[in-house]
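Q:
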Amino acid sequence: IFRFCGDLDCPDWVLAEMSTLARMSSVKMKLLCVQVIKDLLDEDIDVRQCKVW
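For the sequence shown, our numbering begins at -10 and goes up steadily by one.
#1: What does the alpha-carbon distance come out to for the pair T9 and L30?
#2: Determine the DSSP secondary structure at L30, reduced to helix, strand or coil.
#3: What's the C-alpha gap between A11 and D(-2)?
#4: Classify Q38 as buried or exposed, calling it buried when 16 or more other Cβ atoms lie within 10 Å of its own Cβ.
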């Protein structure tokens, strides 16, 4: 059960991307997460930072 999915089954797209995320370094993951949070806060994002892999 995935609490972040509202205790529902994990979406297929998350399962498909887990291997991609697992290969990312922690630095690249942090860069990506910062950009995602900025987007959620309606701030300008740096698309170049999203293409680090």
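For every residue, glycine included, the Cβ atom is placed at its ideal position computed from N, Cα and C.
None of the values given here were measured: they were computed from a predicted structure.
A: In short:
#1: 25 Å
#2: coil
#3: 20 Å
#4: exposed
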